[in-house]
Amino acid sequence: MQKIIKPCGFHCIKIKNLGVQFGEQEVLKDINLHVHCGTLNAIIGQNGAGKSTLIRAILDDIPHTGEIEFRDTKDGHIKKLKIGYVPQSINIEKNTPVSVFDLMASFESRSPIFLFKRKKTYNKIKKALKVFEADDLIDKKVCNLSGGQLQRVLLSLAIMDSPNLLLLDEPVSGIDQNGMKLFFETMYYLKTHYDLAIILISHDLDYVKKYADHVALIDKTIVCQGNAKKVFESEEFDNIFRNSANESWVDLDQDSKEKSLEDIAEKFGSKED
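Using UniProt numbering, read the sequence shown as starting at 1 and increasing by one per residue.
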């Protein structure tokens, strides 16, 4: 696999006392979260807990109180960084003639996308799609894609421009188990090999337990955070989910993690290739 994601060089993202209020309704309060590069950070909680609102606040799409700081390796403040974002869903007009290439090229080129296809742009898009095994979709119409195929295209679009941070709002909704496994393996590969910071909203608790480096349980505020074992065994987790979580996950020891990484690297190829 060609090196699509570059080492980001950021030490961490610090969210301090973040709050969001819509009119009289307090949606989030006192959110404090540190996100380090090279880590997969899962945000979990029941529907309506404020998970997607947190993502929108990080994107600066909605007003919020508190601070969001981006720091480099020297602990200096950075005002801007590249963010890759995958929403829960997007609206696609029925019978639209736009192809997957057209969609992704519109974010890549300033030239009208219907005039011609530059070989360099076409190859770059195809390589990004290949990360999520979606390169065969490049010439298909977006309106004809299944939900799972569209999500893989959006994930490819999110990483195409070498972001420093990936924000993923339930990115695998509508994807089957094989697609789910591919997604989490790819996230593990990207964050390990490319020092990428990833914030993921997910209801797939078994995969979160297996792959996440840090878990934050949200119920308007962060009620518990830490490694997956700490959060999943906490009283707060039990109170919120009432033992409804799937407990069929498997804990990985260090040898298993290293073997898993070797298998993934073999599948995608060396980052220097």
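Beta carbons: idealized from backbone N, C-alpha and C, even for Gly.
Using 10 angstroms around the beta-carbon of Val20, count the other beta-carbons present and answer buried if the total reaches 16, otherwise exposed. buried
Per DSSP, cross-strand counterpart(s) of Asn41: Ile199, His214
What three-state label does DSSP hand Ile58 in the structure shown? helix
Looking only at its own chain, which residues have a Cβ that is under 7 Å from the Cβ of Gly148, when we skip the five neighbours before and after it? Gly174, Ile175, Asp176, Gly179
Give me whichever residues DSSP pairs with Asp176 in a beta bridge. Paired residue(s): none; Asp176 is not in a bridge.
Which of helix, strand or coil does DSSP assign to Thr192? helix
Verify whether the separation of the beta carbon atoms of Ala212 and Ala197 is less than 8 Å. Ala197 is positioned such that its CB atom lies no closer than 8 Å to that of Ala212.
According to DSSP, simplified to helix, strand and coil, what is Asn95? coil
So, under 8 Å CB-CB, Leu33 and Ile222 are touching, yes? Tell me the CB distance rounded to an integer number of Å. 7 Å
Evaluate Ile90 with the Cβ neighbour count: other Cβ atoms within 10 Å of its Cβ, from every protein chain shown; 16 or more gives buried, anything less gives exposed. exposed
Give me the Cα-Cα distance between Glu69 and Tyr188, rounded to the nearest whole angstrom. In this model, Glu69 and Tyr188 are separated by some 25 Å (Cα to Cα).
In angstroms, rounded to a whole number, what distance separates the CA positions of Ala128 and Leu81? 20 Å
Between the alpha carbons of Asn95 and Ile31, how many angstroms are there, rounded? Near 42 Å, if we compare the C-alpha coordinates of Ile31 and Asn95.
Along the chain, where does the beta strand (DSSP E) containing Val86 start, and where does it finish? 83-86
Closest by CA to Lys16, which one among Pro97, Ala57, Gly23, Cys143? Ala57
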